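Last residue of the sequence shown: 92 in this note's numbering, with the numbers rising by one and none dropped. Glycine included, every Cβ here is placed at the ideal spot set by N, Cα and C. Note that this is a predicted model, so its numbers are computed, not measured. Have a look at the structure below, then the notes.
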Amino acid sequence: MTQHDQLHRYLFENYAVRGELVTVSETLEQILANHTYPQPVKTVLAELLVATSLLTATLKFAGDITVQLQGGWPFTAGGDQRQ
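Encoded structure:
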């Protein structure tokens, strides 16, 4: 069963709680089908896709959003995992 990308907002007014639930299965499957990333890269890519979806749903602007990552990740640019 193919899942479609979805974003649901929810609000509990009596408790001053709000949030969003996002599913990006379809887009993630399309991205991963074109590349042979190791599992750590797939995990970070999925987290980045969810974070970007939530961020763009919250911001009100016309345009594109670009995300760049830097830092001491547990894998190298070639996809090898660091020890």
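Option in the options with minimal Cα separation from residue i
i, options, result
"Gly81", "Asp73, Val53, Val33, Leu30", "Val53"
Endpoints, alpha helix (DSSP H) assigned at residue i
i, result
"Val59", "48 to 67"
Cα-Cα separation between residue i and residue j, rounded to whole angstroms
i, j, result
"Tyr19", "Thr32", "14 Å"
"Thr75", "Leu57", "11 Å"
"Ala55", "Ile40", "10 Å"
"Lys51", "Leu78", "14 Å"
"Thr65", "Leu37", "17 Å"
DSSP state of residue i mapped onto helix, strand, coil
i, result
"Met10", "With a pLDDT of only 46 at Met10, under the threshold of 50, the placement of this residue in the model should not be trusted; the figure read from the coordinates follows. Coil."
"Thr32", "strand"
Short Cβ contact (8 Å threshold) for residue i with residue j
i, j, result
"His13", "Glu35", "yes"
Endpoints, the beta strand (DSSP E) within which residue i is located
i, result
"Gln79", "Neither: Gln79 is in no beta strand (DSSP E) and is coded neither H nor E."
"His17", "15 to 21"
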